[in-house]
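Student: Residue numbers (the numbering used here), protein chains in the order written: chain A, 1 to 114; chain B, 1001 to 1114. Cβ atoms here follow ideal geometry from the backbone N, Cα and C, with glycine treated the same way. These numbers were taken from a predicted model, which means no experiment stands behind them.
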Amino acid sequence: DTAVSQTPKYLVTQMGNDKSIKCEQNLGHDTMYWYKQDSKKFLKIMFSYNNKELIINETVPNRFSPKSPDKAHLNLHINSLELGDSAVYFCASSQPGLIQETQYFGPGTRLLVL
Amino acid sequence: DQQVKQNSPSLSVQEGRISILNCDYTNSMFDYFLWYKKYPAEGPTFLISISSIKDKNEDGRFTVFLNKSAKHLSLHIVPSQPGDSAVYFCAATRMNTGFQKLVFGTGTRLLVSP
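(1) Within the 7 Å Cβ cut-off, does residue 1081 of chain B reach chain A?
(2) Counting C-beta neighbours from all protein chains within 10 Å, is the total for residue 1105 of chain B 16 or more, i.e. buried, or is it exposed?
(3) For chain B, find out if any of its Cβ atoms is closer than 7 Å to the Cβ of residue 65 of chain A; answer yes or no.
(4) Just list the residues that DSSP pairs residue 66 of chain A with in beta bridges.
(5) Using the three-state DSSP reduction, which class does residue 1059 of chain B fall into: helix, strand or coil?
(6) What residues of chain A sit near residue 1102 of chain B, judged by a beta carbon separation below 9 Å?
(7) Does any CB atom of chain B fall closer than 7 Å to the CB of residue 28 of chain A?
(8) List the DSSP bridge partners of residue 57 of chain A.
(9) Using a beta-carbon distance below 7 Å, is residue 1060 of chain B in contact with chain E?
(10) Just curious, the beta strand (DSSP E) that residue 111 of chain A is in, first and last residue?
(11) Our contact map puts residue 78 of chain A next to residue 64 of chain A with C-beta atoms below 8 Å; I'd like the distance itself, whole angstroms only.
(12) Residues in its own chain within less than 7 Å of residue 1041 of chain B by CB, not counting five upstream and five downstream?
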């Protein structure tokens, strides 16, 4: 049973297109995250949702819009894709309030914009 | 502005020897530190963590040391095994803020040879 899953695993698309990445967690966690790992391997947080409410938004362009239909899902929609959006996008989840809160990551979605 | 730095991009160690991975941080507000391990084509997985009220935390072959005055932490793996070959990310955050915003280093690739 995969705890945090993402679809698709690979995504190749043209500049200017709109695409979505889906994330689901079956851990019963209240908080979900999106991270971007760029070509320099720098893993940086983009968004965080807690119980469907946005709590972290890290100066990400408006072309990126997260959507959380329920607390088990956090999808990422990207409009007007640019070359610089090429990266690996990781979804994660955690249960806040624990003494030792741990984030569980999905396998990543490799996005290549041509 | 990279608040968490891992200055060694790679490390090679022989099986059975000690692996020492280093991490430095600049933000004195960080009070909780984590190490994540990442295999190719997978998401990061939590390895071990330490709170700023401690200077050492041990879990089996893995020990994390924290030197707050130097803003430095290290991960020791003893004895190293070939299965430990992976990229190791150091991460830092502030606890008790209502959400966990992890700031990651760029990772150190560990290769353990038989």
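Tutor: From the atom records:
(1) For residue 1081 of chain B, the answer is no, since every Cβ of chain A falls outside 7 Å of its Cβ.
(2) buried
(3) With 7 Å as the cut-off, residue 65 of chain A does not count as an interface residue toward chain B.
(4) Per DSSP, the beta bridge partners of residue 66 of chain A are A/76.
(5) strand
(6) Residues of chain A passing the Cβ test: 33, 35, 43, 45, 92 and 103.
(7) No, residue 28 of chain A lies away from the interface with chain B (no Cβ there is under 7 Å from its Cβ).
(8) According to DSSP, which records beta bridges pairwise, residue 57 of chain A is partnered with A/47.
(9) Checking the listed chains, one finds no chain E in this structure; the protein chains it contains are A and B.
(10) 109-113
(11) 6 Å
(12) In its chain, beyond the 5 residues on either side, no residue has a beta carbon closer than 7 Å to the beta carbon of residue 1041 of chain B.
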